[in-house]
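K.L.:
As they're listed, the protein sequences go chains A and B.
At position 126 of the first sequence (counting the first as 1) the number is 126 in my numbering, and the numbers step up by one without a gap.
At position 53 of the second sequence (counting the first as 1) the number is 53 in my numbering, and the numbers step up by one without a gap.
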Amino acid sequence: MSGSSLKFFIPIAAFVGLVGIFYIGLYKDPTLVPSPFIGKPAPEFDLPSLQAPDQRVSKADMQDQVFLVNVWASWCPSCVQEHELLMKIASNGTVPIIGLNWKDERSAGLKWLQRLGNPYTAIAYDYDNVVGIDWGVYGAPETFLIDADGIIVHKLVGQLTPEIWQEEFLPLIQEAKSRAPAEEGAG
Amino acid sequence: MRTVLPCFMLALLMPFCAWAIDPSDKLADPELQAMYLSITQEVRCLVCQNQPISDSTAPLAADLRREIKRMILEGQTEGEIKEFLVERYGDFILYKPRFASWNLLLWLAPGMLLLIGFVALLRIVSRRAQLPIDEDAP
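1) So, does the CB of B:C17 fall closer than 7 Å to a CB anywhere in chain A?
2) Can you check whether the C-beta of A:N101 is within less than 7 Å of a C-beta belonging to chain B?
3) Grab the span of the alpha helix (DSSP H) containing A:D134 for me, first residue to last.
4) Does the pairing of the segment 143-151 of chain A with the segment 52-67 of chain B give three or more beta-carbon distances under 8 Å?
5) For B:I93, which of helix, strand or coil comes out of DSSP?
6) Kindly list, in the order they appear in chain A, the residues whose Cβ is closer than 7 Å to that of B:E87.
7) Nearest-angstrom Cα distance between A:D46 and A:R56?
8) Buried or exposed, going by whether 16 or more other CB atoms sit within 10 Å of the CB of B:A109?
9) Looking at C-alpha atoms only, which residue of A:A13, A:S58 and A:N70 is the closest neighbour of A:H154?
10) How would you label A:M202, buried or exposed, when you count the other beta carbons within 10 angstroms and need 16 or more for buried?
11) Please report the straight-line C-alpha distance between A:L43 and A:D64, rounded to a whole angstrom.
12) Do B:V125 and B:I93 count as a contact pair if the criterion is CB distance below 7 Å?
13) Measuring only between beta-carbons, confirm whether A:Q174 sits less than 7 Å from chain B.
14) Compare the C-beta of A:Y138 with all C-beta atoms of chain B and state if any pair is closer than 7 Å.
15) Since B:P59 meets chain E, which of its residues come closer than 9 Å, beta carbon to beta carbon?
16) If we call anything under 7 Å between Cβ atoms a contact, is A:G136 one with B:R65?
17) Note down, in chain order, each residue of its chain lying with its Cβ closer than 8 Å to the Cβ of A:P48, except the 5 sequence neighbours on either side.
18) In three-state DSSP terms, what is A:A186?
19) For B:A63, which residues in chain A fall below 9 Å Cβ to Cβ?
20) With a cut-off of 7 Å, does the C-beta of A:V33 fall near any C-beta of chain B?
21) Establish whether the CB of B:E42 and some CB of chain A are separated by less than 7 Å.
22) Report the CB separation of A:I89 from A:T121 in whole angstroms; it is logged as a contact under 8 Å.
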């Protein structure tokens, strides 16, 4: 290639490259903030229970178990939409789900559960968003998958759908369970 | 009348100046208050992106301001507080991204482009200098 045709080619190639990058950028969702948490230990929490204010719900309760932490609030419409799926997961017994009732009124949260059912093994009540900030929560719903070593394996921001559950969560849950320390009596 | 009307109009403007996001309980130490302002102006509100938490009325922004205030009062440094936020929300929460391996290109690209442009300019100028001077050129 001669020098002068290269001179024409370089700006055009650079332009096409930039357009390509911008085009991809158009279809990315800017509200999805990558979590720095994946592969890191889940932060500790110790909060009063939503249903029984004098009881505590903490990470220690779930030691050596694969479980979900689902952030929800009664004011959150997407939480209603994913609720049916959470109920199904709970009744199948796939994994226990810990609820984090986030920036919500206690009475409103309880009423919501009465109306829609309660898929949660336990619900921590975080009115002041103290644990929420510690977990990097910036909206509801959010769903974390935590393995038996207390490591965050996956995090979903937004509504959990059957497709996302099938494609993203179930394989990771199976893998986490196969890595899990054997049930008591084995070691 | 000539002075009353302008004064009245000025008075109308006054309440708007008082509409600060959190005018209550400023930090007593002016230095800490300055640090608080500088951090909150640099932290992105993740609910209403493109707004720093210092300007945002979103509840999450208010919670983050409260946590930042608490950490300042505990005596943490600006670096420690930003580290706390980045650990939880990722680098995206800072308006000014930190220098790291994954964003090297972002930081170095302007310098590199400037250098490329400068080299190109030098080459063009030196080639032009070698051309015979055209007396008839306009």
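Where a beta carbon is used, it is the ideal one built from N, C-alpha and C, also for glycine.
P.N.:
Considering the structure as presented:
1) Reliability of the predicted coordinates at B:C17 is poor, the pLDDT of 47 falling under 50, and the value obtained from them is presented with this limitation in mind. Not one chain A Cβ lies under 7 Å of B:C17.
2) False, the Cβ-Cβ gap to chain B never drops below 7 Å.
3) V130 to D134
4) As far as the Cβ criterion goes, the segment 143-151 of chain A does not touch the segment 52-67 of chain B, which means the pair count is below three.
5) helix
6) P36
7) 6 Å
8) exposed
9) A:N70
10) Because chain A is modelled from 1 through 187, residue 202 of chain A falls outside the range shown and cannot be assessed.
11) Checking the sequence, you will find Pro at residue 43 of chain A rather than Leu. Cα-Cα distance, rounded: 15 Å.
12) no
13) no
14) yes
15) Judged by its chain identifiers, the structure shown contains no chain E, and its protein chains are A and B.
16) no
17) D54, Q55, R56, V57, A124 and Y125
18) Note that A:A186 scores a pLDDT of 41, beneath 50, so its modelled location is shaky; the value from the coordinates is reported in the next line. Three-state result, A:A186: coil.
19) Per the sequence shown, the amino acid found at residue 63 of chain B is Asp instead of Ala. Within 9 Å Cβ-Cβ: K103, D128, N129, V130, G132 and I133.
20) yes
21) no
22) The pair is not a contact, with the Cβ atoms about 11 Å apart (cut-off 8 Å).
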